[in-house]
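Trainee:
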Amino acid sequence: MRRRRILSVNVTSNPSAAWTANQIVQAFPWESAPRYLLRDRGGVYGSFFWSRVKNLGIEEVILARRSPWQSPYVERVIGTLRRELVDHVVVMNERHLRWLLRRFVGEYHHGCRTHLSLDKDSPEPRNVQPPEMGKVIELPVVGGLHHRYSRRAA
């Protein structure tokens, strides 16, 4: 079951319409593209991007100017990445940021971060671990920035 999953995260110091269009293709391979793409009016969306999105059969919905509340899911993800990751780490370079984002999204956000909208479960459901399974131990994730708690037999 795929729920509340971040499909793709990438970083570049020089975004362009071609780079952004490539991200869309990589995020939605094999005819899995959504019907709509909700986006802002950023300058990175050029004619190359528009044609690629159109060829994928995606209808663009463009937000009103200066209206971040019109894209609450994206704003929430960006806020989460900022508050729970980037605000606590000195990012050394683009490669380091990619590593951090992969670890945060893959290990933490999808694997063990609780989401209220999922009844305090993670996007990858976890089994309930009764006390009989053993003592609770702390497992570092994202280089020790966050932790996962699990039961292990003593």
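Anchor point for the sequence shown: position 32 equals 31 in numbering that gives the first Met the number 0, and the numbering is continuous, going up by one each time. Note that CB positions come from ideal geometry on N, CA and C, so glycine has one too.
1) Comparing C-alpha positions only, which one of Thr11, Ala16, Ser7 and Asn13 sits nearest to Gln25?
2) Taking the continuous alpha helix (DSSP H) assigned at Ile77, which residues delimit it?
3) Within 10 angstroms of the Cβ of Tyr72, are there 16 or more other Cβ atoms? Answer buried if so, exposed if not.
4) Residue range of the alpha helix (DSSP H) that Leu100 falls in?
5) Buried or exposed, going by whether 16 or more other CB atoms sit within 10 Å of the CB of Tyr35?
6) Thr19 to Ile57, Cα distance in whole Å?
7) Whose CA, out of Asp120, Gln128 and Phe103, lies closest to the CA of Pro139?
8) Using alpha carbons as the reference points, say which of Gly105, Leu37, Val60 and Leu100 lies closest to Glu74.
Mentor: Taking the coordinates as given:
1) Ser7
2) Pro71 to Glu83
3) Tyr72 comes out exposed.
4) Glu93 to Arg102
5) exposed
6) 15 Å
7) Phe103
8) The shortest C-alpha separation from Glu74 is found at Leu37.
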